[in-house]
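The structure under discussion appears below in the form of structure tokens.
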Amino acid sequence: MTGYRVEYASSGRAKCNGRKPCQGTAISKGQIRFGTWVNIHEKGSFKWRHWGCLTPSVLQNVSNELEGKIDELDGIEELESADQEKIKKAFQDGQVDPGDVPPTAVAEKTGNPAEDDDDADKKETKKRKRAPAKKAKANAKTNAENLDQTSPPDGQLADGEKAPKKKKSKAVKKPPASSD
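As structure tokens, this is what we get:
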């Protein structure tokens with residue numbers, strides 16, 4: 008059985024594990040938070056989310072797990088009576104009161120209806136430009152042939168042209184002289 012707990016945040020260190028854009032934001036001390044018990048590498052801990060970050064599907068799953076007995080939810084008896092009623096009402100309605108949703112959980116509207124849809128969370132992929140094709144060695148040969156065709160006969164240079172630079176030969180190491 009998965010464990011669930013509702014309580015007031017004891018410190019402001021816990022991060023919300025709800026949906027984006029609220030995911031990763033701090034849950035302030037004293038706010039109602041909802042925890043799901045998880046086991047990671049044989050160690051257990053709660054994954055917390057703001058009370059307002061609960062989705063209707065999470066509420067339905069918890070209600071099914073508790074067989075509709077919301078009073079058996081761990082920690083509910085420790086809350087103030089007004090907060091207990093708020094939680095019971097959310098389970099009956101199947102959704103959290105919109106007034107309980109934290110401002111960090113509300114996506115910013117851009118004014119463009121196409122971007123404000125639920126698909127706004129998906130990342131847009133940009134098409135990458137292809138790199139220019141590498142020059143083939145065949146191009147080098149053709150360029151050399153073109154130079155030969157355009158150069159004046161008998162290796163003479165036209166006015167103002169410079170002779171092509173010669174390639175330097177590699178230095179050869181000489182063996183050390185032996186002393187006889």
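Here this note's numbering is used: the first residue of the sequence shown is 8, the next is one more, and so on.
Beta carbons are placed, not taken as given, at the ideal position from N, Cα and C, and that holds for glycine.
Do the region 18-38 and the region 74-91 make contact, defined as three or more Cβ pairs closer than 8 angstroms? The region 18-38 vs the region 74-91: no contact.
Would R56 be called buried (16 or more neighbouring beta carbons within 10 Å of its own) or exposed? As a first step, residue 56 is located in the sequence shown; it is residue number 49 there, counting from the start. R56 is buried by the Cβ-count criterion.
Determine the direct distance from the alpha carbon of G59 to that of K36, and round the result to whole angstroms. Within the sequence shown, the letter at position 29 stands for residue 36. Within the sequence shown, the letter at position 52 stands for residue 59. Linking K36 to G59 through their CA atoms gives a straight-line distance of about 15 angstroms.
How would you label R135, buried or exposed, when you count the other beta carbons within 10 angstroms and need 16 or more for buried? Within the sequence shown, the letter at position 128 stands for residue 135. It is exposed - the Cβ of R135 has fewer than 16 other Cβ atoms within 10 Å.
Is N24 helix, strand or coil by DSSP? By one-based count along the sequence shown, residue 24 stands at place 17. Correct three-state label for N24: coil.
Where P105 and G82 are concerned, what is the direct C-alpha to C-alpha distance, given to the nearest angstrom? As a working mapping, residue 105 is identified with position 98 in the sequence shown. As a working mapping, residue 82 is identified with position 75 in the sequence shown. So the alpha carbons of these two residues sit roughly 23 angstroms apart.
Between the C-alpha atoms of G101 and N68, what's the straight-line distance to the nearest angstrom? Here the question's residue 101 lines up with position 94 in the sequence shown. Here the question's residue 68 lines up with position 61 in the sequence shown. A straight line joining the alpha-carbon of G101 with that of N68 spans about 10 angstroms.
Residue range of the alpha helix (DSSP H) that K93 falls in? For the purposes of this step, residue 93 is taken as the residue at position 86 of the sequence shown. Residues 88-100.
According to DSSP, what are the bridge partners of R56? Against the sequence shown, residue 56 aligns to sequence position 49. As a beta-bridge residue in DSSP terms, R56 pairs with F41.
Count the other C-beta atoms from every protein chain shown that fall within 10 angstroms of the C-beta of I47, then say buried if there are 16 or more, exposed otherwise. As a position in the sequence shown, residue 47 is number 40, starting the count at 1. Burial is judged here by how many other beta carbons sit within 10 angstroms of a residue's own beta carbon; I47 has fewer than 16 and is exposed.
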